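Participant: Structure below; questions to follow.
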Amino acid sequence: MKHLLKLSDWSEKEIIETLNLADQLKFDKKNGIEHHHLKGKTLGMIFEKSSTRTRVSFEVGMHDLGGMALFLSSRDLQIGRGEPVEDTARVLSRYLDGIMIRTYAQEEVEGLAKMGNIPIINGLTDYCHPCQVLADLMTIREHKGMLKGLKLCYIGDGNNMANSLIVGGIKVGMSVSVATPEGYKPDADIMAWAAENGDFTWTSDVLEAAKDADALYTDVWASMGQESEAEERKKIFKSYQINDSVMAVARPDAMVLHCLPAHREEEITAKVFEAHADQIFDEAENRLHAQKAVMVKCMK
Ligand code: CP
Ligand code: NVA
0 MKHLLKLSDW SEKEIIETLN LADQLKFDKK NGIEHHHLKG KTLGMIFEKS
50 STRTRVSFEV GMHDLGGMAL FLSSRDLQIG RGEPVEDTAR VLSRYLDGIM
100 IRTYAQEEVE GLAKMGNIPI INGLTDYCHP CQVLADLMTI REHKGMLKGL
150 KLCYIGDGNN MANSLIVGGI KVGMSVSVAT PEGYKPDADI MAWAAENGDF
200 TWTSDVLEAA KDADALYTDV WASMGQESEA EERKKIFKSY QINDSVMAVA
250 RPDAMVLHCL PAHREEEITA KVFEAHADQI FDEAENRLHA QKAVMVKCMK
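Each step along the sequence shown adds one to the number in numbering that gives the first Met the number 0, with nothing skipped, and position 247 is 246.
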């Protein structure tokens, strides 16, 4: 039994094995070959925040793997009326073979893993989004044929995506640069770890971070749970946008990635988004293949 609570818990070898399995599952699905690795198993999917991609990729993925997935919205669960997550986990462990949870506090996900005795998969917290980054790495490797030595640049808010991209990028040997406003840096411990373990730079200067990048990445300026700060953040993040000037300093063949949903003319211009839509929607598709690989790794 294995959890995916955050990417830093997984070794480079485990990450690469997961990407290899995801590639194989993608290829086989396109060729009509089914793999019922999780036949008869049930995944519970607890959502305390909205989701399109995560929900659908896990649900379809579980079906592809011969199992089934249950959508459990916290609005309908007793969690929404105050039943502790720890009790919920202990009950659900008796019915299910795995839980995927999207919530606010990382501690809640770590707590579930301690209390239950089934695999727990993090479907996004305020701290990180490991499943997304596995799909992102898969997409970069698919388009560039490699990961090691490539420069990945993240521009925007130092949020859950930034944290996981730093960890994932450094683990697979990419050079990672991040540009955020001074008060909105990624997690301090993650930045310190990255600087010790690989080629990592943080700057508040977007063009400096984007210089010679092979892949540029951005995400919304206000994440789920930060809706009340959205207007203030629009002012603070105004220059933290992927646009033509940023593309001009990156490598001519630079990819553009976005975890979605995207806010055009905020973190990315509509022009750059549409010019790189094939890459961005390959990335969204790869959520399915990567999530299947994660479930096989954790639940088989
Ligand atoms: N990128 C991502 O996690 O999308 P959803 O919020 O739609 O699941
Ligand atoms: N940072 C965003 C990612 C959404 C997939 C959020 O947490 O809302």
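For every residue, glycine included, the Cβ atom is placed at its ideal position computed from N, Cα and C. This structure is a prediction, so every number in the text was calculated from the model and none was measured.
Give me the residue from 256, 211 and 106 with the minimum Cα distance to residue 247.
Facilitator: Closest option to residue 247, Cα to Cα, is 211.
Participant: Which word fits residue 104, buried or exposed, when buried means at least 16 other C-beta atoms lie within 10 angstroms of its C-beta?
Facilitator: When all chains shown are included, residue 104 counts as exposed.
Participant: Please report the residue range of the alpha helix (DSSP H) in which residue 72 lies.
Facilitator: Per DSSP, residue 72 belongs to no alpha helix (DSSP H); it is in the beta strand (DSSP E), 67-72.
Participant: Between residue 176 and the rest of its own chain, which residues show a CB-CB distance below 6 Å, the 5 nearest in sequence each way excluded?
Facilitator: 152, 200 and 208.
Participant: May I ask you to list the residues that DSSP assigns as paired with residue 43?
Facilitator: Answer by DSSP bridge pairing, in chain order: 69 and 98.
Participant: Would you list the one or two residues that DSSP bridges to residue 201?
Facilitator: Answer is 177, bridged to residue 201.
Participant: Report the rounded CA-to-CA distance for residue 96 versus residue 271, giving the unit in angstroms.
Facilitator: Roughly 42 Å separates the two Cα atoms.
Participant: Short check: CB of residue 285 to CB of residue 138, under 7 Å?
Facilitator: Yes. Within cutoff.
Participant: Counting C-beta neighbours from all protein chains within 10 Å, is the total for residue 52 16 or more, i.e. buried, or is it exposed?
Facilitator: When all chains shown are included, residue 52 counts as buried.
Participant: Ignoring anything shorter than 4 residues or poking outside the region 110-152, list the alpha helix (DSSP H) runs there in chain order.
Facilitator: For the region 110-152, whole alpha helix (DSSP H) runs of length 4 or above, ordered along the chain, are 129-143.
Participant: Pick from 3, 88, 128 and 275: whose alpha carbon is nearest that of residue 142?
Facilitator: When each option's Cα is compared against that of residue 142, the closest is 275.
Participant: Report whether the distance from the Cβ of residue 158 to the nearest heavy atom of ligand 2 is below 6 Å.
Facilitator: Residue 158: yes, Cβ under 6 Å from ligand 2.
Participant: Based on DSSP bridge pairs, tell me the residues matched to residue 3.
Facilitator: DSSP output for residue 3 lists 120 as bridge partner(s).
Participant: For residue 87, does the three-state DSSP call read helix, strand or coil?
Facilitator: Correct three-state label for residue 87: helix.
Participant: What whole-angstrom Cβ distance do residue 81 and residue 40 have, given they're in contact under 8 Å?
Facilitator: About 30 Å separates the two Cβ atoms, so there is no contact after all.
Participant: Quick one, are the C-beta atoms of residue 46 and residue 7 less than 7 Å apart?
Facilitator: Contact: no.
Participant: Does at least one heavy atom of ligand 1 sit under 6 Å from the Cβ of residue 258?
Facilitator: Answer for residue 258: yes, Cβ within range of ligand 1.
Participant: What ranges does the alpha helix (DSSP H) occupy inside the region 193-279, keeping only unbroken runs of at least 4 residues that lie completely in it?
Facilitator: The qualifying runs are 205-209, 229-235, 243-248 and 269-274.
Participant: Pull up the CB-CB distance for residue 258 and residue 2, whole angstroms please, since I reckon it's below 8 Å.
Facilitator: No, residue 258 and residue 2 are not in contact; Cβ-Cβ is about 21 Å, not under 8 Å.
Participant: For the putative contact between residue 162 and residue 127, defined by C-beta atoms under 8 Å, what is the C-beta separation to the nearest angstrom?
Facilitator: Between residue 127 and residue 162 the Cβ distance is about 5 Å, and since that is below 8 Å, they are a contact.
Participant: Kindly indicate which three-state DSSP category residue 78 falls into: helix, strand or coil?
Facilitator: Three-state result, residue 78: helix.
Participant: Apart from the five residues just before and just after residue 180, which ones in its own chain have a Cβ nearer than 8 Å to its Cβ?
Facilitator: Cβ within range, chain order: 203, 235, 236 and 239.
Participant: Would you give the residue range spanned by the alpha helix (DSSP H) that residue 162 belongs to?
Facilitator: Residue 162 -> alpha helix (DSSP H) spans 159-170.
Participant: When every heavy atom of ligand 1 is checked, does at least one fall within less than 6 Å of the C-beta of residue 131?
Facilitator: Answer for residue 131: yes, Cβ within range of ligand 1.
Participant: Can you give the Cα-Cα distance for residue 194 and residue 249, rounded to whole angstroms?
Facilitator: Distance between the alpha carbons of residue 194 and residue 249 is about 22 Å.
Participant: Please work out which residues of its chain come closer than 8 Å, Cβ to Cβ, to residue 214, disregarding the five sequence neighbours upstream and downstream, and give them in chain order.
Facilitator: Counting only Cβ-Cβ distances below 8 Å, and skipping sequence neighbours, we find 139, 143, 149, 150, 151, 152, 253, 254, 255 and 256.
Participant: Please list, in chain order, all residues of the same chain as residue 85 whose beta carbon is under 7 Å from its beta carbon, the five residues on each side excluded.
Facilitator: Excluding residues within five positions, the ones whose Cβ falls inside 7 Å are 110 and 114.
Participant: Might you give, ordered along the chain, the residues of its own chain that have their beta carbon closer than 8 Å to the beta carbon of residue 262, omitting 5 neighbours on each side?
Facilitator: Correct list, in chain order: 219 and 220.
Participant: Residue 315: which of 102, 24 and 36 sits nearest, CA to CA?
Facilitator: In the structure as shown, the chain starts at 0 and stops at 299, and residue 315 therefore has no counterpart that could be examined.
Participant: Quick one: is the Cβ of residue 50 within less than 6 Å of any heavy atom of ligand 1?
Facilitator: Within the cutoff, so yes.
Participant: Taking only the alpha-carbon atoms, compute the straight-line gap between residue 260 and residue 10 and give it to the nearest angstrom.
Facilitator: Between residue 260 and residue 10, the C-alpha separation is close to 29 Å.
Participant: Please find out if some non-hydrogen atom of ligand 1 comes closer than 6 Å to the beta-carbon of residue 217.
Facilitator: No.
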